[in-house]
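The sequence shown begins at 125 in the numbering used here and counts up one residue at a time.
Heads up: the structure comes next, in structure tokens.
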Amino acid sequence: MKILLLPGDGIGPEIVAATHTVLAAADARFNLSLQFSQADIGFAALKTHGTTIPDPVIAAAKSVAGVVLGPVSHNAYPPVAQGGRNPSGVLRRELELYANIRPARGRPGVPRPIAAPLDMIVVRENLEGFYADRNMFAGAGEFMPEPGVALALRKVTAKASKRIAEAAFDLAQARPALRVAAVHKANVMRMSDGLFLDEVRAVAARYPQIRYEEVLVDAAAALMVRDPARFDVIVTTNMFGDILSDLAAEMAGGLGLGASLNLGPDFAVAQAQHGSAPDLADTDRANPTALIGSAAMLLRHLGAADAAAAIETAIDTALLSPNTRTPDLGGQIGTHAFAHHLARLISEV
Ligand code: ATP
Numbered sequence: 125m126k127i128l129l130l131p132g133d134g135i136g137p138e139i140v141a142a143t144h145t146v147l148a149a150a151d152a153r154f155n156l157s158l159q160f161s162q163a164d165i166g167f168a169a170l171k172t173h174g175t176t177i178p179d180p181v182i183a184a185a186k187s188v189a190g191v192v193l194g195p196v197s198h199n200a201y202p203p204v205a206q207g208g209r210n211p212s213g214v215l216r217r218e219l220e221l222y223a224n225i226r227p228a229r230g231r232p233g234v235p236r237p238i239a240a241p242l243d244m245i246v247v248r249e250n251l252e253g254f255y256a257d258r259n260m261f262a263g264a265g266e267f268m269p270e271p272g273v274a275l276a277l278r279k280v281t282a283k284a285s286k287r288i289a290e291a292a293f294d295l296a297q298a299r300p301a302l303r304v305a306a307v308h309k310a311n312v313m314r315m316s317d318g319l320f321l322d323e324v325r326a327v328a329a330r331y332p333q334i335r336y337e338e339v340l341v342d343a344a345a346a347l348m349v350r351d352p353a354r355f356d357v358i359v360t361t362n363m364f365g366d367i368l369s370d371l372a373a374e375m376a377g378g379l380g381l382g383a384s385l386n387l388g389p390d391f392a393v394a395q396a397q398h399g400s401a402p403d404l405a406d407t408d409r410a411n412p413t414a415l416i417g418s419a420a421m422l423l424r425h426l427g428a429a430d431a432a433a434a435i436e437t438a439i440d441t442a443l444l445s446p447n448t449r450t451p452d453l454g455g456q457i458g459t460h461a462f463a464h465h466l467a468r469l470i471s472e473v
């Protein structure tokens, strides 16, 4: 299986190297025949290719079984005309990665703001909503019709709502809780979230064994803190999913733990939920768990369930003790040493 590694910006090169170390250990232990390649994106690519995501990288991403995408500092990029495209957005669009699967669960020993049971997955629509492709709207998803007035367009389609709902119900079906909550704001955004809910309800009707509920996004945020065990699989639109999944990641112990998998009909891209944390770049202090967990999700998606489980168990084992945690979780060891510790645990399975 071919895997493309894209280091990205900030802490990206360090956490992608850590992920490579862990994947290589899983490969050796489980005979996965992984073949790794690597390409520059972000500021490194801007310097050498004049764009933060060169076309050959997009082509390479389409030619492999899976991609490990490092975080990118797209807010700091120059304008698009000067090569500053957001590689994450471009890959989501070019590879039609319509689903972003973002699990969050409490892990033994890891300090959390609230100790209540937590094991949920936010299934986030990845291509529409307020973050829709700006070209859809003649060059502007946001615009200023007059000075002092800014408008943003929110795109919701039946097709995207249906397929994100199907992704969520398929996931829920494989989990013991058998529950899906659709999170929305249809009381205000009647047309767009109304359409979203219509499609989710139609899918829900095909899964009678799954308990289905609808929760307003503001209530969902409050409930996630008050009673996180209430949620199992959450399906929602792009921006609500972006926000709620960060909340869930913090509830699980911190942004450094938030794994995610971008999925489309043909491609899969592992990507940490967090950004490039430029404050920590080149300090060996970044927590690579989120990206390593994302890579485990990628392996599971590619059929290597044993290897994925071994990586997840190794993460749980390492995080049990502060001695084998990175500084964000009150530990002492660096990014590099943490990855090698995981690799050792995997080789001993
Ligand atoms: P960007 O501009 O790319 O979004 P950011 O720093 O604004 O980057 P994040 O990277 O998502 O946003 O995270 C905010 C803060 O959380 C970081 O500055 C860092 O201190 C902390 N953080 C995020 N990810 C990690 C990680 N993997 N390990 C340790 N700390 C992290």
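Each residue gets a CB set at the ideal place from its N, CA and C atoms; glycine is no exception.
Treat the numbers as computed from the prediction; the structure is a model and nothing was measured.
Continuous beta strand (DSSP E) stretch holding residue i: start and end
{"i": "Ala228", "result": "Ala223 to Arg229"}
{"i": "Gln162", "result": "Gln159 to Gln162"}
{"i": "Val393", "result": "Ala392 to Gln395"}
{"i": "Val359", "result": "Val357 to Thr360"}
{"i": "His308", "result": "Arg303 to His308"}
{"i": "Lys171", "result": "From DSSP, Lys171 is part of no beta strand (DSSP E) but of the alpha helix (DSSP H) over Gly166 to His173."}
{"i": "Glu338", "result": "Arg335 to Leu340"}
{"i": "Leu130", "result": "Lys126 to Leu130"}
{"i": "Phe320", "result": "Phe320 -> not in any beta strand (DSSP E); alpha helix (DSSP H) instead, spanning Ser316 to Ala328."}
{"i": "Phe267", "result": "Glu266 to Glu270"}
{"i": "Leu385", "result": "Leu385 to Leu387"}
Rounded straight-line distance, which links the Cα of residue j to that of residue i
{"i": "Arg236", "j": "Glu323", "result": "35 Å"}
{"i": "Met260", "j": "Ala289", "result": "Residue confidence for Met260 is low, a pLDDT of 47 falling below 50, so the modelled location carries little weight; the figure read from the coordinates is stated next. Distance between the alpha carbons of Met260 and Ala289: 23 Å."}
{"i": "Ile238", "j": "Gln297", "result": "27 Å"}
{"i": "His460", "j": "Leu219", "result": "31 Å"}
{"i": "Asn250", "j": "Thr450", "result": "30 Å"}
{"i": "Ser350", "j": "Gln159", "result": "The displayed chain sequence assigns Arg, not Ser, to residue 350. Each residue's Cα considered, the two are about 45 Å apart."}
{"i": "Val327", "j": "Ala189", "result": "29 Å"}
{"i": "Phe167", "j": "Tyr336", "result": "44 Å"}
{"i": "Leu385", "j": "Ala432", "result": "13 Å"}
{"i": "Ala276", "j": "Pro211", "result": "22 Å"}
{"i": "Phe267", "j": "Ala274", "result": "6 Å"}
{"i": "Leu242", "j": "Gly318", "result": "29 Å"}
{"i": "Gln162", "j": "Leu193", "result": "10 Å"}
{"i": "Gly263", "j": "Gly213", "result": "For Gly263, the predicted model reports a pLDDT of 45, less than 50, meaning its position is unreliable; a value from the coordinates is still stated below. Near 15 Å, if we compare the C-alpha coordinates of Gly213 and Gly263."}
{"i": "Met421", "j": "Phe293", "result": "17 Å"}
{"i": "Ala345", "j": "Thr172", "result": "43 Å"}
{"i": "Gly455", "j": "Thr281", "result": "45 Å"}
{"i": "Ala148", "j": "Asp406", "result": "22 Å"}
{"i": "Val339", "j": "Gly399", "result": "28 Å"}
{"i": "Asp342", "j": "Ser316", "result": "17 Å"}
{"i": "Ala306", "j": "Leu321", "result": "7 Å"}
{"i": "Arg354", "j": "Leu469", "result": "33 Å"}
{"i": "Ala419", "j": "Thr143", "result": "7 Å"}
{"i": "Ser157", "j": "Arg248", "result": "31 Å"}
{"i": "Arg325", "j": "Gln333", "result": "14 Å"}
Continuous alpha helix (DSSP H) stretch holding residue i: start and end
{"i": "Ile245", "result": "Run containing Ile245: none in the alpha helix (DSSP H); it sits in the beta strand (DSSP E), Asp243 to Glu249."}
{"i": "Ala461", "result": "Thr459 to Ser471"}
{"i": "Val273", "result": "Unbroken run through Val273 is the beta strand (DSSP E), Val273 to Ala276; no alpha helix (DSSP H)."}
{"i": "Pro180", "result": "Asp179 to Ala185"}
{"i": "Met313", "result": "Run containing Met313: none; DSSP gives neither H nor E here."}
{"i": "Gly253", "result": "Per DSSP, Gly253 belongs to no alpha helix (DSSP H) and is neither H nor E."}
{"i": "Gly213", "result": "Pro211 to Glu218"}
{"i": "Gly190", "result": "Run containing Gly190: none in the alpha helix (DSSP H); it sits in the beta strand (DSSP E), Gly190 to Leu193."}
{"i": "Thr413", "result": "Thr413 to His425"}
{"i": "Lys286", "result": "Ala282 to Gln297"}
{"i": "Asp430", "result": "Ala429 to Leu444"}
{"i": "Thr145", "result": "Gly136 to Phe154"}
Contact belief for residue i with residue j at Cβ below 8 Å, rounded distance in angstroms
{"i": "Val146", "j": "Ile435", "result": "6 Å"}
{"i": "Gly83", "j": "Val196", "result": "Past the boundaries of the shown model lies residue 83; the chain is included only from 125 to 473, so the question cannot be answered."}
{"i": "Ala410", "j": "Glu138", "result": "5 Å"}
{"i": "Asp356", "j": "Arg299", "result": "6 Å"}
{"i": "Ala185", "j": "Leu221", "result": "With a Cβ gap of about 10 Å, Ala185 and Leu221 do not count as contacting."}
{"i": "Ser471", "j": "Ala141", "result": "Between Ala141 and Ser471 the Cβ distance is about 18 Å, and since that is not below 8 Å, they are no contact."}
{"i": "Pro227", "j": "Ala383", "result": "6 Å"}
{"i": "Pro412", "j": "Phe462", "result": "6 Å"}
{"i": "His465", "j": "Ala442", "result": "6 Å"}
{"i": "Thr176", "j": "Ala169", "result": "6 Å"}
{"i": "Leu453", "j": "Gly377", "result": "7 Å"}
{"i": "Ala401", "j": "Ile165", "result": "Contact doesn't hold; Cβ gap of about 17 Å is too wide."}
{"i": "Leu540", "j": "Ile225", "result": "This structure cannot settle anything about residue 540, because the visible part of the chain is limited to 125 through 473."}
{"i": "Ala256", "j": "Lys279", "result": "4 Å"}
{"i": "Leu387", "j": "Ala223", "result": "4 Å"}
Does the stretch 195–208 come close enough to the stretch 230–247 to have 3 or more Cβ pairs within less than 8 Å?
Output reads no: the stretch 230–247 does not touch the stretch 195–208.
How do the stretch 391–411 and the stretch 357–364 stand: do at least 3 beta-carbon pairs fall below 8 Å, yes or no?
They do not touch, by the three-pair rule.
Counting beta carbon pairs with one atom in the stretch 370–385 and one in the stretch 338–352, are three or more of them shorter than 8 Å?
With the cut-off at 8 Å, the stretch 338–352 and the stretch 370–385 touch.
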